[in-house]
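Protein chains in written order, with numbering that gives the first Met the number 0: chain A, 0 to 340; chain B, 0 to 340; chain C, 0 to 340; chain D, 0 to 340.
Even glycine gets a Cβ: it sits at the ideal position worked out from N, Cα and C.
Note that the structure is predicted; figures quoted are calculated from it, not measured.
Number of protein chains: 4
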Amino acid sequence: MIITVEENAEPNRIDEILRNLSEIGIDAYVSEYLGKKVIVIDKSMEKTVMERLSLMDGVERIIPIPYQFKLVSRLFKPENTIIKISDLIEIGNEPLFIIAGPCSVENREMMLHTARHVRAEGASALRGGAFKPRTSPYSFQGLGEEGLEILAEARSETGLPVVTEAMSIEQFDLVEKYADIVQIGARNMQNFPLLKRAARSRKPILLKRGLSATITEWLLSAEYIVSGGNPNVILCERGIRTFEQSTRNTLDLAAVALAKKESHLPVIVDPSHATGIRALVKPMAKAAVAAGSDGLIVEVHPDPNKALSDGPQSLTLDDFAQLMREIESIAKAVGRCLSRW
Amino acid sequence: MIITVEENAEPNRIDEILRNLSEIGIDAYVSEYLGKKVIVIDKSMEKTVMERLSLMDGVERIIPIPYQFKLVSRLFKPENTIIKISDLIEIGNEPLFIIAGPCSVENREMMLHTARHVRAEGASALRGGAFKPRTSPYSFQGLGEEGLEILAEARSETGLPVVTEAMSIEQFDLVEKYADIVQIGARNMQNFPLLKRAARSRKPILLKRGLSATITEWLLSAEYIVSGGNPNVILCERGIRTFEQSTRNTLDLAAVALAKKESHLPVIVDPSHATGIRALVKPMAKAAVAAGSDGLIVEVHPDPNKALSDGPQSLTLDDFAQLMREIESIAKAVGRCLSRW
Amino acid sequence: MIITVEENAEPNRIDEILRNLSEIGIDAYVSEYLGKKVIVIDKSMEKTVMERLSLMDGVERIIPIPYQFKLVSRLFKPENTIIKISDLIEIGNEPLFIIAGPCSVENREMMLHTARHVRAEGASALRGGAFKPRTSPYSFQGLGEEGLEILAEARSETGLPVVTEAMSIEQFDLVEKYADIVQIGARNMQNFPLLKRAARSRKPILLKRGLSATITEWLLSAEYIVSGGNPNVILCERGIRTFEQSTRNTLDLAAVALAKKESHLPVIVDPSHATGIRALVKPMAKAAVAAGSDGLIVEVHPDPNKALSDGPQSLTLDDFAQLMREIESIAKAVGRCLSRW
Amino acid sequence: MIITVEENAEPNRIDEILRNLSEIGIDAYVSEYLGKKVIVIDKSMEKTVMERLSLMDGVERIIPIPYQFKLVSRLFKPENTIIKISDLIEIGNEPLFIIAGPCSVENREMMLHTARHVRAEGASALRGGAFKPRTSPYSFQGLGEEGLEILAEARSETGLPVVTEAMSIEQFDLVEKYADIVQIGARNMQNFPLLKRAARSRKPILLKRGLSATITEWLLSAEYIVSGGNPNVILCERGIRTFEQSTRNTLDLAAVALAKKESHLPVIVDPSHATGIRALVKPMAKAAVAAGSDGLIVEVHPDPNKALSDGPQSLTLDDFAQLMREIESIAKAVGRCLSRW
């Protein structure tokens, strides 16, 4: 349940409401959503109590929400959340938000070359990892801040907003300075201190679904960020871990449709990590758009065979150009379009 | 590896080839594919042995196939298999093959009513279970032969080919007489005696993927049918079992793209069982078509709230009409169309 | 809910009870359990209805069972079911029931050799597949009836009861003549026509849990057999399919403890298929006994490297001897023992 | 592959070896294990290259390791790692290491009460969360430093070493000051910055397996800690996420046996989180010990019904006393014992 507070309510009204709730043994959590105070209650309540509450001074509206997630629910906010990334680029609106780029920032040349190409083909943003989560300590761990500087240069040259990952609070402090969107990766979807740090940021957060996270858990991780003060969360389905091993993960497109149905947040799809196989990226990208995804995040590399990470699932520059053409006709069929810039 | 035998080879040539293989300790399996004798070998072979074999009388071609499945592989047959269902209806060709109807045949009225409606909206075939696999012995088990008779009547009236399930060899003998396509359900994907019975049938087989079957196992079950003499297998992805419980199963559309890539058999998708949620059937149906599916099998019921099984995932007649309109635009975007009849 | 009927009730009492239930829209299923008529109702009921029912002539007891499975529930029958296999051998009692033998019956010599050995080491029964469920049509499919004859000979010589699998109704008719316990394998746990056939048999049934079957589904498959007239079902946990690939399956020992808690049926464990790795069979066998398993089914082969199937998971004869010694001390620690014969 | 360096080798020998490797394009990682320099190479190498390397000055031994994990492998160190926790307590040796206590530190009274009780029953260490990873932002998040102080007091009074979790580098800095063993939870098993921080600690690390982590990934996370300088890692299996929902997770005891076989690190089991059901904790604890586990971590609460978290899976004080008695007889059967203090 969410109680929204009247805008001109006196400050002590909230305290009074909380005191009343406390007296009947109900914990409440005060948050702010788009400048408005809201009181979140994670408990069901008797009807008579609700009626009494609704009559209290300062109470604007009481919204029953039978899910664990509250502020990210469509019951709280029926209309889609649209996030402005730059003057020209939004996500959640009619144009699809297509993020493209290599898995890792490997060096300046490849990054700029890739950025120019994906910009020319109509991408909405640039991806590239500076801090890489790697299963083995002996694998390439990313260029760190040097990588962030290269991304910033690519943005200067192409105008593309930059999406890159942070894996800890320290990295977040740094990444936030460079990135337009900060990614929280699948392995950190339930890194709660990191979610709380993201909640205090003014940058939009790309929140990937964990390898074995339920849709409810995914939305609850988004709730951590939104209830902590940052309303701009982009959900990203990137495949879940199942018994099937012929693809890297199992892309769960029903999760996209369900998240769109139950939440007002934008949802995008990562067909590269979901499949791990170049030949499947295009069909899955098209399926994602048909399923209602608000965008894609796709790995593109000028020479995938030489990639320091994720080569087998990276598209070549030509593949990406073709993907954009094929996506366009699917987009039209579902009332969407590519970015217009 | 598959050895194809020259059409005019003398009958004893095959025996000779087998004798040669046997002498070097290699088991072989003789089959027939579209009237042509083929010898299947499930073992790798040294290059010199292959060269020697290729020079033997009667040997037409040696096709190395590094998969466990052989005859269903695209390496054996690069072009798509197109299955003729009736004079007007094929599957695997440009028009999508859309099967619609209730989960169970419940009675004559509802079946005929549904059949007329889905025919009018452009469905390619009619579904309806006469023998129902039910988790509990206390659930409705289907009408049996009475259900088959009702299906036959619906076909007479509408011209729609009929798809229905058999769960045992006995049921197969009966179902085969009534159905145009015999379904082998997810729970029977590895019912090998049933697969061997299906192999001896002249009716096309709709082979659903098992709840936890890998793509390779699914293709090997198809291989049982094809190597046993029935080339007409339609693969059907219907969702796999994973940790995610907010949908009935997890629809694995990458499996559709991968099966289409590795096999020449047609592949369709069941968005009803895959999701278990009416509101997700349409987006998943569209995603399936965008991913390259050759068709759909969709549960439609005139009054889902009163359905004896699977009500929550059944489309109403109106839902189905709308689905067909929405599918059409996606179909066009990927170079497909709806059935033209 | 189960209604037990008084033993000396007049035959028409049941019809009357059913008529009463039918009038208030409640379906009921009449079954017989150990010679006693029972009426099974798969629906919740208002308290007043229950009270009225309890006063009807012929009604002995009404047992509310809030699970889908009824007759196999401990709420219906609190005490353990003990199944007599031969004059000397029972399952479900204090002595553990240890089934040992090769995956497949390969030939007479190896079968007799293995049987003598496992008998000498204290095994309770002999396993060996005559009809083999194989993923590929090109793999060894078993010796069929010849294999059954060899098993019967091994029994004659050693006195060991024989456990072997049937995959279809036809095979069941044949296997039933030879076997002391008929196995229904994991892939057929939801082969409902086969379960119904097993229900009509007088032989005990070893029901393996399906690769991705929930515990409830497993118990419901047992319910098919018990409600159909055969009370002698032995449940067998053999590992489930998960994302983990370093073992063949994931042994779910909590399922054993939970099945023992919720059902009165005996439960045994197959550590060979569960792990697929010889070195893990012994620790998992011991863990199974510690968890409360009533027995084990273990693959043993005189020369695992030459086995036609499942070699890597088969114990050698020496391994088995050592397993029995190690099991014995665990058995004592949990108040069990090895078979005394 | 690991190259161990002679103890008295001149410092520049390592540089020379690295230079040689670099010249042939091989990356190497220098680490220290128990005071000895080691060079880790995550790549296979030709035999001739290995022979040449083995002749270089300073090279003591070359150990080929065909796994991704190296220093934690038994091929590197065949004997069990035994970790000294206090003067009286070790883990990995004959006595089982039993950690007991509540899920969360809730208040001083309950913590001291529980600590005294589990100490009296023979527990080896005390658990209790001060920082709690909670799926919902609206759930109790733990007492923070106040909780750590209470744990320290419980240690002072009982002598029990304290195990508690850190979820971020900042929390680690704090927890390290209070705890005897720092826990990295399942959700952080691949929080690589946190693993790197743990590698720089002198406290032993309890590394829980991730919800959907493979055994190899789990060992690679341990490798992060060991290769970064901290050899004292305790692995903890706590159940994995599967389709089965009647238990909270699926306890994977084969993973315990396999981890013990492939790694020299101690492995313990958490039957509380693995099952989520009080009645299953005891059978699974016994099964764990039978499977070769070096210990247990068990949730115990004086009044589980009032627990702020994980009540349904917590043992009462009496349950725990009984568990210890039952464990003892299993321990003896596998050549182990309870802590002797």
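- Inclusion of C/T80 and C/R115 in the CB contact set at 8 Å is not warranted, their separation being larger than that value.
- Per DSSP, B/V225 has no beta bridge partner at all.
- Sixteen is the threshold: when 16 or more other Cβ atoms of the shown chains lie within 10 Å of the Cβ of A/D309, as they do, the residue is buried.
- Excluding the 5 residues flanking it on each side, A/Q321 has same chain C-beta neighbours closer than 8 Å at K281, in chain order.
- Taking CB atoms only, D/G209 has no neighbour in chain C less than 8 Å away.
- Taken residue by residue, none of the segment 161-194 of chain C has a beta-carbon sitting less than 8 Å from a beta-carbon on chain A.
- Here D/P94 carries a strand assignment [DSSP, helix/strand/coil].
- DSSP places C/Q244 in no alpha helix (DSSP H); its state is neither H nor E.
- Here A/T47 is exposed, its C-beta having fewer than 16 other C-beta atoms within 10 Å.
- Beta-bridge partners assigned by DSSP to A/G128: A/S103.
- Close partners of D/V39 in chain A (Cβ separation under 7 Å): Y137.
- The closest CA to that of C/A99, considering only C/D269, C/V225, C/R324, is found on C/D269.
- Proximity of the segment 169-184 of chain D to the segment 243-255 of chain D falls short of the contact definition, fewer than three beta-carbon pairs being nearer than 8 Å.
- Taking 8 Å as the CB threshold, C/F68 stays off the interface with chain A.
- Any Cβ of chain B closer than 8 Å to the Cβ of D/R201 would place that residue at the interface, and such an atom is absent.
- Close to B/Y32, with beta-carbon spacing below 9 Å, lies no residue of chain C; the smallest spacing is near 13 Å.
- A contact is defined here as three or more CB-CB pairs under 8 Å, and the segment 52-60 of chain A fails this definition with respect to the segment 271-285 of chain A.
- For A/I233, the enclosing beta strand (DSSP E) starts and ends at 232-236.
- By the CB criterion at 8 Å, B/I233 and B/P192 fall outside the cutoff.
- Close CB contacts of C/N190 within its chain, under the 6 Å cut and outside five residues either way in sequence, are absent.
- Taking 9 Å as the upper bound on Cβ-Cβ separation, chain B lies near residues G238, I239, R240, T241, F242, E243, Q244, S245, T246 of the segment 235-246 of chain A.
- The alpha-carbon separation between C/T274 and C/V297 amounts to approximately 11 Å.
- Membership of B/T274 in the alpha helix (DSSP H) is indicated by the continuous run 270-274.
- Here the C-alpha atom of D/V117 lies approximately 8 Å from the C-alpha atom of D/L316.
- Among the CB atoms of chain D, one or more fall inside 8 Å of the CB of A/T134.
- Of all residues in the segment 276-306 of chain A, only I276, A278, L279, P282, M283, K285, A286, A287, V288, A289, A290, G291 place a beta-carbon less than 8 Å from a beta-carbon of chain B.
- Sixteen is the threshold: when 16 or more other Cβ atoms of the shown chains lie within 10 Å of the Cβ of C/C102, as they do, the residue is buried.
- Put simply, of D/P65, D/E148, D/I239 the residue whose alpha carbon is nearest the alpha carbon of D/V104 is D/E148.
- Annotated as proximal: A/M0 and A/P63, with beta-carbon spacing under 8 Å.
- Rounded to whole angstroms, C/P303 and C/E89 show a C-alpha spacing of 30 Å.
- Less than 8 Å divides the Cβ of D/T113 from the Cβ of D/P301.
- D/E59: member of the beta strand (DSSP E) spanning 58-62, first to last residue.
- When 9 Å is used as the limit between beta carbons, B/D251 is near these residues of chain A: T241, E243, T246, T249, L250, D251, in chain order.
- Not flagged as an interface residue toward chain C: B/S21, since no C-beta distance is shorter than 8 Å.
- The three-state secondary structure of D/L17, taken from DSSP, is helix.
- Under the DSSP assignment, B/Q140 falls outside any beta strand (DSSP E); it carries neither an H nor an E label.
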